[in-house]
Amino acid sequence: MASTGLTCWKTIRDKLVEERSKYLNFGAEWSYYRPISNNFSNFGNLNPLEQEASLINDVCILFAGWNGEFVRISDDVSNFKLIIHNRMDPYLRSSVERFEEYIGSVVRIRKYSAESGKLKSQLATCVLSDLNRKIDELFQPILVFDYSTIEHPLNNLYQNVAKLKTILKLYDALAREIFENKLVGGQVLNVLDKMNEKVFETDLDNIRQFKEIYWRRFICAIGTWIDRGHVDDPCYEFFIWPTAGISAVDMRTIEDNLPANLKKSSDFVVVLDLCPTRVVPLIESILQCGLDRTVKSTTINWKLLDEYEFSRVVSKLSKSMAEEVLKKMKLEENLDNVIAQIHLFFVLTPCVSWLYDALIKHHLFDRSFNSVRKSEKKTLTQAFHRDFAEKIPVAQIFSFETAETDIFDALLSTNRDNSSMDKSVVPNYYDMLDISVNTSKLPAIFSSSCLKVFRQIFRLHLHLEIASKKLSELKIDLPRTGISDVLVRSQLFLLDRLHRHLIDFRTTIASGVTFAARNFDTEYPNAGSVYELQELEDRFAHEILTSTGLNKAPLVHVLQDLLLLIDSYDKTAFENIQEEYFEWRTKMDALQCF
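Heads up, the sequence shown is in our numbering, so the first residue is 10 and it goes up one at a time.
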């Protein structure tokens, strides 16, 4: 996801958590490595063995979290530096300096743990606190050992500490990654996953314990969402946020960074960055399970599931719910009839002829799109609802709106081709006329991409209808008495050819739509769940584009040029029109589509 999107949701989260921070407790105060105000004391005439014993004691104290008498760390913990009494034996000083890397790692882990409250993340605070606790466990047997009973005690202490080098570096890297990058929620789990992949077999158990503990916590949160449809998450670390308290502007900001196919709701918003990578493929199933209350899942003990069992349970539960949802839809929503009406309205378009007449009747046909008032669009919609209330009852959820682009721009953007719209020309209202769908009253089987294709087919049929009407009017306007006139005959011949091409296009599109509809009707009875039906609708929309050829930019360009040629037909400039037709026919023949 883009960094702008990442910054946006983090800013929004900061605002939301700040409002609740007075009720929350984040981390402990810094209690380690208290500065010692006085300078190093004069240790008198200590011999090298006594100096070594003192240094061992101070090094152990440093690992435990305190400054020693002869060895300390700099007061500025963020700029770590080991400070050793300058009168110590040079050889012993160099031996102690070897501990600097290890002491630095311990200091950073303790520092990040104590300051984890700055992240305002309960999950990050818990992980950093556990890392600090792990440090105590790792060093406890080393620090309590009596080094006075062995030879070369300082070297032995170093060897014992050096055995922890790998795991210490791992914990240090984990703490640094979480704290310095201000990771929260699922981001923390992603880091644990990455660390788990990098460690050696001997250190695997150390990091696996962290991973299992926090994965189970996250799985329990998902289980709560599935069981109740909401999660108590004052820190906004779970990837599903309730919309209560989030402004409409912030909602749009988050949703703009989501995939188009991800379910949106007025009750929640998904923050994809907070979802662990392993869970992303299951998001749609998790959302569906949490939203649907048909099947209860309270018998599942989520704490006992590891991540693999969790994936299997969610998939099975989602499938079971999807099957129940489909049965419920068919019983309560008369689903078969609704689907048939949607397909009839958009794809077979029985009302484009009515719409053409209505545009003329309401004096909207020759108007520019920006001159049509909202009240006039509403009047057109009301007339549509009234005239089609019995024939297509589902039409009541549709309304006429103005699109951002004309139909060919929309089709070419689908094909990822360049826009063809001339920005200097103000288009007519019918060029920008589009259908708005009240999706809240529509069964949840039509994705936004599916409805987008349906709307494009509807708009294209309207343009083909308008072109056909214009050709008929042009033919009628030709003088019947002058049929022997060469110019009249030439114009009539050209109009016939244009009409023939238009019919070819309409036939091809109708055949492609019929083919896709036949495939849908064949597979529809076999759809056993709402997911399978959603996939079938998406496949139906895709097949419409492929079987009609509208997924090919060259064909769309040729069709666009034909409609522009018909729209700009001027019998007083017949030679120019004829020349444009021959140029268009050359392009058409090159396609070899018909």
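Heads up, the beta-carbon is just placed ideally off N, CA and C, and yes, glycines get one too.
Cβ contact annotation for H371 (same chain, cutoff 8 Å, sequence separation greater than five): E385, T388, L389, A392, in chain order. The criterion of a C-beta distance shorter than 8 Å is not satisfied by L480 and L501. Two segments are said to touch when three or more pairs of C-beta atoms, one from each, lie closer than 8 Å; by this definition the region 247-261 does not touch the region 156-170.
Rounded to the nearest angstrom, the Cβ distance from V105 to I82 is 12 Å, too far for a contact under 8 Å. Taken through DSSP and simplified to helix, strand or coil, R81 comes out as strand.
Each of Y100, A412, V258 was checked against the Cα of V381, and the nearest Cα belongs to A412. When the five nearest sequence neighbours on each side are left out, the beta carbons in the same chain lying within less than 7 Å of the beta carbon of S408 are those of T390, S445, in order along the chain. In the displayed model, E410 falls within a strand according to three-state DSSP. CA-to-CA, the gap between S157 and W75 works out to about 21 Å.
Setting aside the 5 residues that flank it on each side, L128 is surrounded in the same chain by K191, each with a C-beta closer than 6 Å to its C-beta; the list follows chain order. The shortest CA-to-CA distance from K143 to any of S556, Q405, K178, Y245 is the one to K178. The region 462-476 makes contact with the region 351-364, as at least three CB pairs between them are under 8 Å. Under the three-pair Cβ rule at 8 Å, the region 548-557 does not count as touching the region 565-578.
Judged by pairs of C-beta atoms under 8 Å, the region 584-600 does not touch the region 443-463, as fewer than three such pairs exist. Secondary structure note for P251: it is in no alpha helix (DSSP H), and the uninterrupted beta strand (DSSP E) holding it is 249-251. Per DSSP, reduced to three states, the secondary structure at D443 is strand. When the beta-carbon positions are compared, D276 and F378 stay at least 8 Å from each other.
Under the 8 Å Cβ criterion, the region 335-344 counts as touching the region 528-545, having at least three qualifying pairs.
DSSP, reduced to helix, strand and coil, places S377 within a strand of the structure shown.
Pairwise C-beta distances place the region 291-301 in contact with the region 315-328, as three or more of them are shorter than 8 Å. In the structure shown, I518 falls within a helical segment according to DSSP collapsed to helix, strand and coil. The bridge partners DSSP lists for N437 are S377. Beta-bridge partners assigned by DSSP to I92: R81.
CA-to-CA, the gap between Q218 and N48 works out to about 43 Å.
The three-state reading of DSSP puts V115 in helix, counting H, G and I together. For V193, there is no enclosing beta strand (DSSP E), as DSSP marks it with neither H nor E. Apart from the 5 residues on each side of it in sequence, A62 sits with its Cβ closer than 7 Å to the Cβ of S157 in its chain, given in chain order.
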